[in-house]
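Under this note's numbering, think of the first position of the sequence shown as 780, with each following residue one higher.
Each residue gets a CB set at the ideal place from its N, CA and C atoms; glycine is no exception.
Being a predicted model, the structure only gives us computed values, none of them experimental.
For reference, the structure discussed in these notes is given below.
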Amino acid sequence: MDQPTLIDTQMHGRAGITGCFVVRGSELTALVETGPKSSLDHVLKGLADAGVEPDWLVVTHIHLDHAGAAGTLAHHFPEARVAVHEVGAPHLADPSKLWSSAARIYGDEMDELWGGIDPIDPGRITTLADGDEIDLGGRKLTAIDTPGHARHHHTYLDDVTGIAFTGDAMGVRLEDVGVVRPATPPPEFDLEDGIASIERIRSLRPTEMWLTHFGSQKPQPVDEVCDEAIAALRSWEGWVKEARTRSDDLDVIAAEVQKRAEEDLGGRLTPEAIDRMEQTTSYRMNTWGYVRYLDRKAKAS
Ligand SMILES: [Zn+2]
């Protein structure tokens, strides 16, 4: 059976930042991730070029850059079923809360960035819990609960190739950039869960990790990427904590975190590479996620 195929969704008009993946079994085909509705045409073209009509639309989590096109694709492929974490499922059936929650982050830019979101008939949704499998015929995708980036987040392991589709669990690592940036959005980001999920993925000993943002971790070894992802999560925590001793203003804190992050990279990235990373998870959004997480933790203790 063949390697999965990567389709570049060209999200926000940029190449190499958000992918989705075609996984073919002997009987059924899955599309893992859908991208947002705003980049649907690229996904449909990618599917046509690959000569497939998906039987399964499988998403790691319900954020708009991963699942925003699921409802629209479900209209295009009326036989397809949608597979999603049990906690995320109600929000694909009725995306109104998902949309208004994202609007708190993206404000007036919602329509331009995401292009809307179509609801999915609940009868077509299969909810998955940890360890559940999608059988494609001689090939299975196993759902691995990997919270942290969000509470509802699955990694999917392909038993034929040993590839793990890690969604946002590893953060963002663009193929041509090769640096891991954490993906820590509000309101659900949790540092301890995120680190535990990276360790869990490592313990599965995947042959490769395919990140939604973006593509295979190769040629960097899986272990090294896991180490880098954990180290980055810890560094950002330190930067946010330190900046907060001087200011309560999110924009001020985010600007300081950006400065520290770019110093840490030692000018290794071009402004163009940083711009593309900003499109997937910005300094401001990541900082906001940490602030929410740290406040929640302080309240709980
Ligand atoms: Zn996400």
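* Asked: S818 to Q789, Cα distance in whole Å?
  -> Translated into positions along the sequence shown, residue 818 becomes position 39. Translated into positions along the sequence shown, residue 789 becomes position 10. Roughly 6 angstroms between the two C-alpha positions.
* **Local Cβ density within 10 Å of T1060, reported as buried at 16 or more and exposed below that** => Locating residue 1060 in the sequence shown gives position 281, counting from the first residue. Taking a 10 Å sphere around the C-beta of T1060, we find 16 or more other C-beta atoms and assign the residue as buried.
* **Candidates D924, T945 and L907: closest to E812 by CA position** => Here the question's residue 812 lines up with position 33 in the sequence shown. Closest by alpha carbon: T945.
* Limits of the unbroken beta strand (DSSP E) element including M988 -> Position 209 of the sequence shown holds residue 988. Looking at the DSSP string, the run of the beta strand (DSSP E) that includes M988 is E987 to L990.
* Asked: If you pair each beta-carbon of the region 990-999 with each one of the region 795-805, do three or more pairs fall below 8 angstroms?
  -> yes
* To do: Can you grab the Cα-Cα spacing for the pair I786 / A948, in whole Å?
  => On the sequence shown, position 7 is the one that residue 786 refers to. On the sequence shown, position 169 is the one that residue 948 refers to. Their backbone Cα atoms lie some 20 angstroms apart in a straight line.
* Cβ neighbour criterion (16 or more within 10 Å) applied to D972 -> Residue mapping note: residue 972 aligns to position 193 of the sequence shown, counting from 1. The residue in question, D972, is buried, as its Cβ has 16 or more Cβ neighbours within 10 Å.
* When every heavy atom of ligand 1 is checked, does at least one fall within less than 7 angstroms of the C-beta of P964? -> Taking the sequence shown and counting its residues from 1, one reaches residue 964 at position 185. P964 Cβ: within cutoff of ligand 1.
* Asked: Between which two residues does the beta strand (DSSP E) carrying V837 extend?
  -> In the sequence shown, residue 837 corresponds to position 58, counting from 1. Here the beta strand (DSSP E) through V837 covers W835 to V837.
* Enumerate, from N- to C-terminal direction, the unbroken beta strand (DSSP E) stretches of 3 or more residues contained entirely within the region 841-873. => 860-864
* Asked: Fully enclosed by the region 882-926, which beta strand (DSSP E) runs are 3 residues long or longer?
  -> 904-907, 912-914 and 919-924
* Helix, strand or coil for L1044 per DSSP? -> Looking up residue 1044 in the sequence shown gives position 265. DSSP places L1044 in helix when its eight states are reduced to three.
* Asked: If you draw a straight line from the C-alpha of P874 to the C-alpha of A1022, how long is it?
  -> By 1-based counting over the sequence shown, the position of residue 874 is 95. By 1-based counting over the sequence shown, the position of residue 1022 is 243. P874 and A1022: Cα-Cα distance of roughly 35 angstroms.
* To do: Indicate whether I923 and L915 have their beta-carbon atoms separated by less than 8 angstroms.
  => Your numbering for residue 923 matches position 144 in the sequence shown. Your numbering for residue 915 matches position 136 in the sequence shown. The answer is no: Cβ separation not under 8 angstroms.
* Run through DSSP, which three-state label would G792 get? -> Numbered from 1 along the sequence shown, position 13 holds the residue referred to as residue 792. In the three-state reduction of the DSSP assignment, G792 falls in the helix class, which pools H, G and I.
* What is the DSSP secondary structure of G1100, counted as helix, strand or coil? -> The structure shown has nothing for residue 1100, since the chain only spans 780 to 1080.
* Kindly indicate the opening and closing residues of the beta strand (DSSP E) around D937. => By 1-based counting over the sequence shown, the position of residue 937 is 158. Looking at the DSSP string, the run of the beta strand (DSSP E) that includes D937 is H933 to D937.
* Are the region 959-970 and the region 1064-1078 touching by the rule of at least three beta carbon pairs closer than 8 angstroms? -> yes
* **Reference D1002; option with closest CA among V1019, R979 and E1016** => In the sequence shown, the residue the question calls residue 1002 occupies position 223. Comparing Cα-Cα distances from D1002 to each of V1019, R979 and E1016, the minimum goes to R979.
* **First through last residue of the beta strand (DSSP E) which encompasses G946** => Translated into the one-based positions of the sequence shown, residue 946 becomes position 167. Here the beta strand (DSSP E) through G946 covers I942 to G946.
* **Cβ shell of A872 (< 8 angstroms), same chain only, five flanking positions each side left out** => Locating residue 872 in the sequence shown gives position 93, counting from the first residue. Only P898, I899, D900, P901 and I904 meet the Cβ criterion.
* Tell me whether the beta-carbon of A1052 lies closer than 8 angstroms to the beta-carbon of L920. => What you label residue 1052 is simply residue 273 of the sequence shown in a count that begins at 1. What you label residue 920 is simply residue 141 of the sequence shown in a count that begins at 1. Not a contact, by the Cβ cut-off of 8 angstroms.
* Please state whether DSSP places L810 in a helix, a strand or coil. => In the sequence shown, counting from the first residue as 1, residue 810 sits at position 31. In this structure, L810 counts as strand in the three-state DSSP scheme.
* Where D1030 falls: helix, strand or coil (DSSP) -> Taking the sequence shown and counting its residues from 1, the one referred to as residue 1030 is at position 251. In this structure, D1030 counts as helix in the three-state DSSP scheme.
* **Under the three-state DSSP convention, the category V958 falls into** => The residue given as residue 958 occupies position 179 in the sequence shown. Residue state, collapsed to three classes: coil.
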